[in-house]
Structures are given as C-alpha cells and as structure tokens.
Amino acid sequence: MQISTLHGSIPTPTFMPDATYGAVKAVSFPDVAKSGITEIVTTTLHLEQKLGSEYVKKQGGLHKFFGWDRPILTDSGGFQVFSLIHRNPNKFNKISDAGASFLDPATGKYSLLTPETSMIIQNNLGSDIQVVLDEPVVHDGALSQGREAVERTTAWAKRAKDKFLALHNLTSADFDNPKVQRPLLVAVIQGGNNFELRKQSADSLQEIGFDIYGFGGLPLHNSKSWKNNAPTGFHHELLHYVGSLVHGDKPKYGLGIGTPDDLEYCIKLGWHIFDTVLPTRNARHGHLYVSSGQGDAPYTNYDLLHIKTQRYADDQNPVDSTCGCECCTTVSRAYLRHLIRINESTGHRLASIHNLRFYARLIERFRS
RNA sequence: CCGGAGAUGGCAGAGCGGUCAAUUGCACCUGACUGUAAAUCAGGCACCCUCAGGGUUACGGAGGUUCAAAUCCUUCUCUCCGGA
Numbered sequence: 251m252q253i254s255t256l257h258g259s260i261p262t263p264t265f266m267p268d269a270t271y272g273a274v275k276a277v278s279f280p281d282v283a284k285s286g287i288t289e290i291v292t293t294t295l296h297l298e299q300k301l302g303s304e305y306v307k308k309q310g311g312l313h314k315f316f317g318w319d320r321p322i323l324t325d326s327g328g329f330q331v332f333s334l335i336h337r338n339p340n341k342f343n344k345i346s347d348a349g350a351s352f353l354d355p356a357t358g359k360y361s362l363l364t365p366e367t368s369m370i371i372q373n374n375l376g377s378d379i380q381v382v383l384d385e386p387v388v389h390d391g392a393l394s395q396g397r398e399a400v401e402r403t404t405a406w407a408k409r410a411k412d413k414f415l416a417l418h419n420l421t422s423a424d425f426d427n428p429k430v431q432r433p434l435l436v437a438v439i440q441g442g443n444n445f446e447l448r449k450q451s452a453d454s455l456q457e458i459g460f461d462i463y464g465f466g467g468l469p470l471h472n473s474k475s476w477k478n479n480a481p482t483g484f485h486h487e488l489l490h491y492v493g494s495l496v497h498g499d500k501p502k503y504g505l506g507i508g509t510p511d512d513l514e515y516c517i518k519l520g521w522h523i524f525d526t527v528l529p530t531r532n533a534r535h536g537h538l539y540v541s542s543g544q545g546d547a548p549y550t551n552y553d554l555l556h557i558k559t560q561r562y563a564d565d566q567n568p569v570d571s572t573c574g575c576e577c578c579t580t581v582s583r584a585y586l587r588h589l590i591r592i593n594e595s596t597g598h599r600l601a602s603i604h605n606l607r608f609y610a611r612l613i614e615r616f617r618s
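Sequential numbering from 251 applies to the first sequence in this note's numbering.
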C-alpha cells in the first residue's frame, strides 16, 4: 500500500519515530533520513507549549522549520494530556466534554485542549497527517468509564472533523474526493480491553469517515498498565480484532506500537503505520536491538543487547555485524559502551542511529 | 622541634556511647522502559548461611574503660595547618 500525502507517498508498512518536542532525541533529521526512516511524528501539545503553533506558522511551517521535506504526522496531544492528568491528579487536571484541561507542570499555566484547538494547532503546524483528539482509557477502569471515553472520543472526532473541514474550506464531498489535496485525518479507536467497546468505537468513527484509523489506548504510564496484567496474547488478540473492524483498504495505525516483536506481529495482521519511543529511548538507556544471536537477551525475532554491562568491556565487535549503520561501521561495542556510560551525547546519537536503523530494516523486510 | 587539627567502606563525606554493617553524593553492578513531561526510574553494592532471619569480621595500628565503643582514655604510625 502507498499512502499519498502532501509531502510524498508513504510505502507501508512504515515506522515513524517520535520527535515529540520537534526533535528525534539525540539525532539530527539527516541522521534519521540516513537510517532509512522516511516519516516522523511530532506532538501538537508539546510544540504548542514550547513554541506556539503561530510561531511555527510564521517560520514557514514544520517542514521548513525542521528542514524535513518528507511526511510529518502530528499527534493530537490527547495521549500526552491524559498521561499528564493521570500522573498529577488535581482539580485543574480533568477531562470534560469540552476537552482536556490541565496545568502545565513547567509553568503552572492553565490550558484547555479541545478537539477544535487541536485541529487549529495542527493546521498551523502544517502537518501531513493529523490526529483528532481522543480520550485514552485506563484499561482496568470501570466499564461505564470506558463507555464514556468511547462516546466522548466519537463526539470529539466529529467536532474535530467539522473543524478540519472549516479550516480547509471543504465540504464533506470534498473530503471524500481523492482529487482534493489536503492533509490526512486519523481517528483513534478506543475501548480499552473491551471488545464490544472497541467495535462500538470503530463503527461510530467509520460512520463519520476518516482517512486512517488508529489503535489507541495502550500502553499508559500507570502501575496498572495493561502489559502488567494481561498476557501479550490478549493484546495481540485485541489488535487482531480491532484490525478486522476497519473496512476497506483504509490504512491502520498502531499508536505507540511497539517492540520489534509487536511490530512484526501487527504487520502480519495488516497494520500499516507504527510509532514508538522505544528505539530512541532505549538507545539512550543503552538497550540496543540486534539480530538474533548477537545480544544477551533473546526475544522471538531479535535480541536485546545491554551495552552498558560489563560483558562488553572488551568486545571489539560492532553492535550488530549484519547492520551497516554509522554506529556498526565506525565503533566497537567496547567504545560505544564507554560513550553511553559517560553519558556522552555522541554515544546517544550512535546508539539511536543504530536502533532506528534496526526498526527501518525490520519494516523494509515487509515492503514489497 | 613546638602548637593545633585530623585519620570512617572504591572516592568524597556524615555520624561522636547503644536504634550503626554505618546517612548522603559520586563511582560500580543488574534490571525496566511501547501515541517520550524518561540522557529517566527501580533494585543491589563487607563476608558467610537457603529467603524471613541469623552469624562473622569491620570505622589507621595496638592496648584499655564500659553490660555496650566508629564514638571515651592511653599509646604508636601517618597526614594537614600555623610557629621556630
């Protein structure tokens, strides 16, 4: 499948690293491109708070500002607000039908993010793929709570699409006309771990009509996180089910997915788009993804290599002998270990380049 | 040579009679990270026993006081700061 955007066509499957604050941490955009990554994700909420979308607009939009001319997806900010609210419960941090309100922990400033403002911001940013504001659910919350989140996500999706049409001066018919050039719109299917709710969410969102459908709500930064309480098999079963709910040939986007094994599983199920912080965050923490047999902790289709550990102190080999990235062709495990251990940014960069390349290679295997 | 201060676990540095196998930081070891408020977080870090727990050595060396000493006394060694 090819997904056509205002900044080029995206072959699927695709993995898009997160440049949440406007940067893929530790690496430059040319580094990202050289790794074989062709699309990136950035976040509405963080950019709005750190820069302001009007500012970005004045700078000529995200592509010009970043120096990145390939597709950019902007996340709605819903997940970030939700995660923030759950970490810091107080009377200002809450979700209502109007939107998500919260205090910025950095400035103490009160903000309200609504389906409409999220669209306005993303429009100012000039992204190619835009995500409507949704409400993730805590998986083990009460059923009524999950239902409420699904219904709110639907209502917000409707409002967001209306706003999107208004901002672009489009009618519903224009939206469905493939000849009309515009950013693509993603709606996120919620419903936690409840199959009925997932179906309700998928059906109602598809009735409104979007370009891409996302799988949302997993995982949350919560001690009761899904992954701790449910077997991976359940997660996979749910992804299988939700994937089957999306009609036609619409692209399917697994938000926040996942480990290389999760990715591979989802690709085989027919999911197309993925983003996760794992390769970049883990790289900074010294966890490298390598081919099976080359690391110290085996998973189904790959190994993890804990580069900071003693076992690599005298290891002159590249991180992964099958990888041709800058890291694997220029430094030994022993030297990378040293760089990461002293918190040297060069080490963060090389490790991130490697993990990004690992994800890119994984994806490339499944492109026809 | 005289006067003063001090010697604590890899390092720095608390503790100054029992609640001290010893606060804390760094270093070190291990693990976790899934729409990044994570270059973060969690655990470990004298030795032995199978965990709870118990047992051995330990706060420069050697003696001593005390039911009990890293903490008090004597002495030795070494370091630092002043004065000759």
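Every residue, glycine too, gets a C-beta built ideally from N, C-alpha and C.
Excluding the 5 residues preceding and the 5 following residue i in the sequence, name in chain order all residues of the same chain whose CB lies nearer than 6 Å to its CB.
i      : result
ASP378 : THR255, LEU256, HIS257, PRO321, ILE322 and PRO433
LEU375 : SER303, VAL306, LEU312 and THR324
ASP511 : TYR549, THR550 and ASN551
PRO263 : ILE517, HIS522, ILE613 and PHE616
ALA273 : none
HIS598 : ALA276 and ARG534
ALA233 : Here the chain has residues from 251 to 618 only, and residue 233 is not among them.
What separation, rounded to the nearest whole angstrom, lies between the Cα atoms of residue i and residue j?
i      : j      : result
GLU298 : ASP564 : 46 Å
GLU398 : GLU576 : 48 Å
LYS300 : GLY543 : 43 Å
SER571 : ASN373 : 43 Å
ASP453 : GLY545 : 43 Å
CYS578 : GLN380 : 35 Å
PHE608 : GLN395 : 39 Å
LYS314 : ILE371 : 16 Å
ARG591 : ILE345 : 41 Å
LYS308 : GLY317 : 15 Å
ILE557 : ILE507 : 23 Å
GLY358 : LYS411 : 31 Å
Identify, in the order they occur along the chain, each residue of the same chain with its Cβ nearer than 7 Å to the Cβ of residue i, setting aside the five sequence neighbours on each side.
i      : result
VAL400 : GLN440, GLY441, LEU447, GLN450 and SER451
GLY466 : ASP384, PRO386, VAL438, ILE439, GLN440 and LEU505
GLN566 : SER582 and ALA584
HIS486 : TYR515
TYR491 : PHE445 and ARG448
Using DSSP with H/G/I as helix, E/B as strand and the rest coil, what is residue i?
i      : result
GLY286 : coil
GLY493 : helix
VAL387 : coil
SER368 : helix
LYS477 : Here LYS477 scores only 48 on pLDDT, less than 50, and its place in the model is too uncertain to base an answer on.
GLY504 : strand
SER361 : strand
GLN431 : coil
SER351 : strand
ASP378 : coil
GLN309 : coil
LEU488 : helix
ALA356 : coil
TYR609 : helix
LEU554 : strand
Less than 8 Å between C-beta atoms, sequence neighbours within five positions excluded: which residues of the same chain meet that for residue i?
i      : result
THR421 : LEU415
ASN478 : Note that ASN478 scores a pLDDT of 47, beneath 50, so its modelled location is shaky; the value from the coordinates is reported in the next line. So no residue of the chain qualifies.
LEU600 : GLU576, CYS577, THR580, VAL581, LEU586 and LEU589
So, residue i versus residue j, is the Cβ gap smaller than 9 Å?
i      : j      : result
LYS500 : ASP461 : yes
ASP268 : THR293 : yes
VAL382 : SER361 : no
VAL581 : LEU538 : no
LYS606 : ALA533 : In the sequence on display, residue 606 carries Leu and not Lys. Yes. Within cutoff.
LEU513 : PHE265 : yes
ALA405 : ASP347 : yes
LEU363 : GLY328 : yes
Kindly indicate which residue of the options has the alpha-carbon position closest to the one of residue i.
i      : options                           : result
LEU586 : GLU614, TYR562, PRO529 and PHE329 : TYR562
GLN456 : ASN443, ASP424, ILE592 and GLY493 : GLY493
ILE622 : SER326, ALA601 and CYS516         : Outside the modelled stretch of the chain, which goes from 251 to 618, sits residue 622, for which no answer is possible.
HIS604 : ASN567, ASN343 and THR530         : THR530
ARG409 : GLY574, ILE458, ASP453 and HIS588 : ILE458
HIS497 : GLY520, ILE507 and THR559         : GLY520
THR270 : GLY310, LYS308 and SER326         : SER326
THR596 : VAL277, ASN443, GLY574 and TYR491 : VAL277
GLY464 : LYS341, THR403 and ASP424         : THR403
VAL291 : ALA423, VAL436 and ASP426         : VAL436
SER259 : GLN431, SER351 and PRO339         : GLN431
ASP354 : HIS598, GLN252, PHE329 and LEU295 : LEU295
ALA350 : MET251, GLN330 and ASP319         : GLN330
GLY249 : ASN427, PHE484, THR364 and GLY574 : Nothing in the structure corresponds to residue 249, since the chain is present only between 251 and 618.
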